[in-house]
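As given, the protein sequences belong to chains L and U, one line each in that order.
Residue numbers for the first sequence follow this note's numbering, beginning at 1 and rising by one.
Residue numbers for the second sequence follow this note's numbering, beginning at 263 and rising by one.
What follows is a short report on a single structure.
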Amino acid sequence: MEREFQIRSCEGFVMPENAAQSALPIISNQETGSCWSCGSMRAAHYCQSCGKVQPAAPVDYFSFFGLPRKLNLDVAPLERDFYALSRKLHPDLYAQSNDAEQRKWSLEKSSQLNDAYRTLKDPVARTEYLLRLQGVDLDEQSTQATEAARASGKTKKQVVPPDMLEEVFELNMQIEELRMNQKMGAPDPDLIEQLRQHKKSLQMKLVAVDEELRGGWTAWDALGEPGVESASKPVIQQLVDVLNRRSYIRNLVRDVNEALES
Amino acid sequence: MERIVGIDLGTTNSLIAFMEGETPAVIPGADGLNLVPSVVALDDQDPTKAQTIVGNAARKYLIETPDRAIYSVKRLMGRGVEDVQDELKFFPFRLATDLAPGEVLRIQLGAKTFTPPEISAFILRQLKHNAERHFGAPISKAVITVPAYFNDAQRQATKDAGRIAGLEVLRLVNEPTAAALAYGLDKKKNGIVAVYDLGGGTFDISILKLHDGIFEVIATNGDTHLGGDDIDNLLITIALDDIAGDMKVDLRRSAEAVQAIRKAVIDAKILLSSGPYIKLDIPLPAGQRYQREITREQFETLIEPVIQRTIGPCKQALKDAGLEPEQIDEVVLVGGSTRIPRVQQLVETLFHRKPHTELNPDEVVALGAAVQASILSGGSEATNNMLLLDVTPLSLGIEALGGVVAKIIHRNSTIPASATEHFTTGVDGQVNVAIHVLQGERELAKDCRSLARFDLRGIPPMPAGLPRIEVRLLIDANGILQVSAREQRSGQEAQVSVQPSYGLTDEQVETMILESFDYAEQDLEQRQLIEARNEADTILAALEKGRNNSAWGELTSAEKRRIAEQEKALVAVKDGTDFHAIRNAIDTLNQGTMRLAELMMSTAVGSALKGKNMETANVGEGPTSSHPIGKAEFE
Chain L
1 MEREFQIRSC EGFVMPENAA QSALPIISNQ ETGSCWSCGS MRAAHYCQSC
51 GKVQPAAPVD YFSFFGLPRK LNLDVAPLER DFYALSRKLH PDLYAQSNDA
101 EQRKWSLEKS SQLNDAYRTL KDPVARTEYL LRLQGVDLDE QSTQATEAAR
151 ASGKTKKQVV PPDMLEEVFE LNMQIEELRM NQKMGAPDPD LIEQLRQHKK
201 SLQMKLVAVD EELRGGWTAW DALGEPGVES ASKPVIQQLV DVLNRRSYIR
251 NLVRDVNEAL ES
Chain U
263 MERIVGIDLG TTNSLIAFME GETPAVIPGA DGLNLVPSVV ALDDQDPTKA
313 QTIVGNAARK YLIETPDRAI YSVKRLMGRG VEDVQDELKF FPFRLATDLA
363 PGEVLRIQLG AKTFTPPEIS AFILRQLKHN AERHFGAPIS KAVITVPAYF
413 NDAQRQATKD AGRIAGLEVL RLVNEPTAAA LAYGLDKKKN GIVAVYDLGG
463 GTFDISILKL HDGIFEVIAT NGDTHLGGDD IDNLLITIAL DDIAGDMKVD
513 LRRSAEAVQA IRKAVIDAKI LLSSGPYIKL DIPLPAGQRY QREITREQFE
563 TLIEPVIQRT IGPCKQALKD AGLEPEQIDE VVLVGGSTRI PRVQQLVETL
613 FHRKPHTELN PDEVVALGAA VQASILSGGS EATNNMLLLD VTPLSLGIEA
663 LGGVVAKIIH RNSTIPASAT EHFTTGVDGQ VNVAIHVLQG ERELAKDCRS
713 LARFDLRGIP PMPAGLPRIE VRLLIDANGI LQVSAREQRS GQEAQVSVQP
763 SYGLTDEQVE TMILESFDYA EQDLEQRQLI EARNEADTIL AALEKGRNNS
813 AWGELTSAEK RRIAEQEKAL VAVKDGTDFH AIRNAIDTLN QGTMRLAELM
863 MSTAVGSALK GKNMETANVG EGPTSSHPIG KAEFE
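Dropping the structure here:
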């Protein structure tokens, strides 16, 4: 018998603060075993002798592609692997299969493949992901948190990089002034020009920050196998700072763009 | 092995195609035509007698009895009452008057009401029938195309329509992606392709990377309510305003008149793609005529705002793909509206290159669906290396505190895609958690499209914040959401009950399938009878026109007498229930009028030489019958 239930408003639950961090159940390496179907040793995702998809094991995205947890990553071979695995795992291959289990595993595996590829091929998503694997709570830095804060009209508790304090202050004043101008219907061309200059300077800062990010990757990768905490901690902090700075600058660019476009 | 067909279920026209050997081909209907107009009509006011008519045969009802005919129903698929208010201003959709809140829309057709998926199922059933007739074997599996920018509810509604029509929908494929498949099959190239698809009711732009047989969609964007219909509506509005202003006749409420104007302006629109101007000349009810000349230039000025609306989505797609227009190697045009020269110009300016027009823009989507069907059935020589990797067009999010949407799967993520989220309770002992899933790009839940509300039940009572419920959301290869949930602390599998915000429940679909089985019982015989009657009407009407043609005078009196006898014989059996008798009478009359048809053809050619056009020579637009006399048939 189906129970009657009341649909409550979404106020009835809260997302735990560490939701994003704990979203990924991690097993560091895939166990090896034999193919459930034909008995021979299995490849990571499908049986190399009979081709059947293996059940999805909860692995981290690096392990999924058989990669070490390193941040300098060549995207070309990753793409090749992605295409090759897609040809083995995609649900199209099982659309007509009577084997419900194979259909389910193919769906799960290929979604895992797509999720992993999407995360690893993007430099920022890859860095954020690795930091989460290291137990870093990135909530304050994540774009998602920024969007949520913007939408609810809250100011995000984001640390302004100290060397940018002055610039940010000036920029916000100018954006505010431009908005007032626009409301009165008389935008000041000088002000617009100044904002354009600001935008240029911010974009140059973005280039610099991306360079810093790559520096952080190299430092991380140089740590070698399971890093000693005393060695990895400063590198993690460096990466967190760079990401924080980067997202801060990007948000400023967005604010300037919005002000200029409106 | 059973054949899998590919279906383009379009706003204006629908087609069914199949991979014949190594090339996809459209399967024509009994009338020999590839396009089945997406028009559904009931042929009788009496609901107990009324039969459903689909396609070309249904078009005349749009003008004669518009309350029993419907077109462009795709605009209503997966939408709620509050979504369609704009549509109702321009489209003669008559919603059922007894709609309960939250109920799926129902449309009044004569004395009956139908949901949009049921109407679409009539069209699908006709296509299925065309294929079964062609192959002489039953068809039960299909790939159906949908606009790339369709949301979850619209996709689900399309899948429901398939089920109601007795088709297992093995895959929903995005229309522009299907077009790329058809296009790529020929070219076997690697590179970046943009597909610009402006159809009757929807606009899509997709950017794909072709790589050794893999068709990877990088970004897609669009507008599910932008297309040729909008252009028609502009022209209709002008005509109605003119008529109201100059002639002091308000025809806005006259469905018949509006439909007659609609047909005329569509013809005009099509002619304006090749000619410099057209003359509208539309007979009105009170014996008046509405006449007006429209130049290409005027037309282009008029439609500019409509086609400008395609620019934003194109730029967004390029931005999402991280590409500059120069990096696009090829541009493919899809959809009838891309025949408009101004649209082609706009595309050329946007992407800095001449678009491909060599594939028939009306057929390319169906051909692509047939290619995907071939891939799903294991592949042929031509397709076994091909794989389509599509994306979800809209971001998926969950409503969090304060009505904010937390995006968990971003738009343009390759599908299948998944996300895992954790939830807990806010009150001690709470055993249910309600979750609201939304689709869209806006930040606040009220601005996004509500997809589903689901309820996690059976959570063991615990202090607030202690339960840890893992919810896994997965978008499958059709772009449709699947949800599963688990309470982790107790290890209990939480039950998930998904309540779609728009759409039919499984039970409703099952009922509709059962109803359609009833329909199928009487089906074959009835359908053959209806088809025979329609064909009889067609040929009789054509003969009537033939009598007014100068060619009639060239027949001998014996010939005339014989035709009259054959005509009488057909009229006598036409309304009976013996379809064999009707068929035989049609064949006899066909034979008897062969010479008349030939004479009419040559007269027509002669008149054309004398400066008259085919229409004044009474040789109508397109053939609606395989018989030569069909040439003189009205639409």
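Even glycine gets a Cβ: it sits at the ideal position worked out from N, Cα and C.
C-alpha gap between residue i and residue j, whole angstroms
i                : j                : result
PRO58 (chain L)  : GLN112 (chain L) : 9 Å
PHE465 (chain U) : LEU629 (chain U) : 19 Å
GLY461 (chain U) : GLN194 (chain L) : 44 Å
ALA125 (chain L) : ALA441 (chain U) : 32 Å
GLY39 (chain L)  : ARG103 (chain L) : For GLY39 (chain L), the predicted model reports a pLDDT of 43, less than 50, meaning its position is unreliable; a value from the coordinates is still stated below. In a straight line, the C-alpha of GLY39 (chain L) is about 20 Å away from that of ARG103 (chain L).
MET281 (chain U) : LYS807 (chain U) : 40 Å
GLU258 (chain L) : GLU211 (chain L) : 26 Å
GLU167 (chain L) : ILE731 (chain U) : 44 Å
GLN692 (chain U) : SER752 (chain U) : 14 Å
ASN452 (chain U) : CYS47 (chain L)  : 30 Å
ASP99 (chain L)  : VAL136 (chain L) : 41 Å
LEU728 (chain U) : PHE355 (chain U) : 51 Å
MET863 (chain U) : ASP543 (chain U) : 25 Å
SER28 (chain L)  : GLN744 (chain U) : Its pLDDT being 35, under 50, SER28 (chain L) is placed unreliably by the model, and nothing is read from it.
SER247 (chain L) : ARG87 (chain L)  : 36 Å
ASN740 (chain U) : THR654 (chain U) : 9 Å
LYS822 (chain U) : LEU546 (chain U) : 35 Å
Closer than 7 Å to chain L by CB, residue i
i                : result
THR619 (chain U) : no
ILE528 (chain U) : no
SER468 (chain U) : no
ALA826 (chain U) : no
THR676 (chain U) : yes
LEU736 (chain U) : yes
SER712 (chain U) : no
ILE476 (chain U) : yes
ALA279 (chain U) : no
ALA415 (chain U) : no
ALA399 (chain U) : no
SER752 (chain U) : no
Minimum C-alpha distance to residue i - residue among the options
i                : options                                   : result
LEU649 (chain U) : U:GLY446, U:PHE352 and U:LYS421           : U:GLY446
LYS322 (chain U) : U:GLU344, U:PRO299 and U:GLY342           : U:PRO299
GLU703 (chain U) : U:ALA681, U:GLY291 and U:LEU658           : U:LEU658
ILE498 (chain U) : U:ARG554, U:SER642, U:VAL633 and U:GLY549 : U:ARG554
ALA506 (chain U) : U:THR619, U:ARG558 and U:ARG551           : U:ARG551
ASP329 (chain U) : U:ASN318, U:ASP305, U:GLU344 and U:LYS351 : U:ASP305
SER382 (chain U) : U:ILE844, U:ARG615, U:GLY291 and U:VAL301 : U:VAL301
LEU775 (chain U) : U:ASN275, U:PRO286 and U:PHE384           : As written in the sequence, residue 775 (chain U) is Ile, which differs from the Leu given in the question. Checking every option, the nearest Cα to that of ILE775 (chain U) belongs to U:PHE384.
ALA481 (chain U) : U:LYS374, U:GLU349, U:ASN694 and U:LYS581 : U:LYS581
ARG715 (chain U) : U:ALA820, U:ALA794, U:ALA696 and U:PRO722 : U:ALA696
PRO587 (chain U) : U:GLY597, U:ASP768, U:CYS576 and U:LEU546 : U:CYS576
ARG734 (chain U) : U:GLY463, U:THR486, U:GLU749 and U:GLY720 : U:GLU749
ASP241 (chain L) : L:GLU170, L:ARG196 and L:GLY215           : L:GLY215
Contact with chain C by residue i, beta-carbon distance below 7 Å
i                : result
THR420 (chain U) : In the structure shown, chain C does not exist; the protein chains are L and U.
Closer than 7 Å to chain U by CB, residue i
i                : result
PRO187 (chain L) : no
TYR46 (chain L)  : no
SER34 (chain L)  : Because SER34 (chain L) carries a pLDDT of 46, less than 50, the predicted location of this residue cannot be relied on, and no value is offered for it.
SER110 (chain L) : yes
ARG118 (chain L) : yes
ARG245 (chain L) : no
ARG42 (chain L)  : Residue confidence for ARG42 (chain L) is low, a pLDDT of 36 falling below 50, so the modelled location carries little weight; the figure read from the coordinates is stated next. Answer no: the Cβ-Cβ gap between ARG42 (chain L) and chain U never drops below 7 Å.
LEU107 (chain L) : yes
ALA125 (chain L) : no
Just by C-beta distance, which residues in the stretch 636–652 of chain U are closer than 8 Å to chain L? ILE637, LEU638, SER639, GLY640, LEU649, LEU650 and LEU651
Count the C-beta pairs between the stretch 566–579 of chain U and the stretch 427–436 of chain U that are closer than 8 Å, then say yes if the count reaches three, no if not. no
Quick one: any contact between the stretch 310–326 of chain U and the stretch 337–347 of chain U, if contact means 3 or more CB pairs under 8 Å? no
So if I threshold CB-CB distances at 8 Å, which residues from the stretch 77–91 of chain L count as touching chain U? TYR83, SER86, ARG87, HIS90 and PRO91
Do the stretch 524–531 of chain U and the stretch 486–500 of chain U touch if we need at least three Cβ pairs shorter than 8 Å? yes
Touch test, the stretch 616–632 of chain U against the stretch 273–289 of chain U, Cβ-Cβ under 8 Å, three pairs minimum: yes
Short-range partners of chain L found in the stretch 432–456 of chain U, where Cβ spacing is below 9 Å: LEU432 and ARG433
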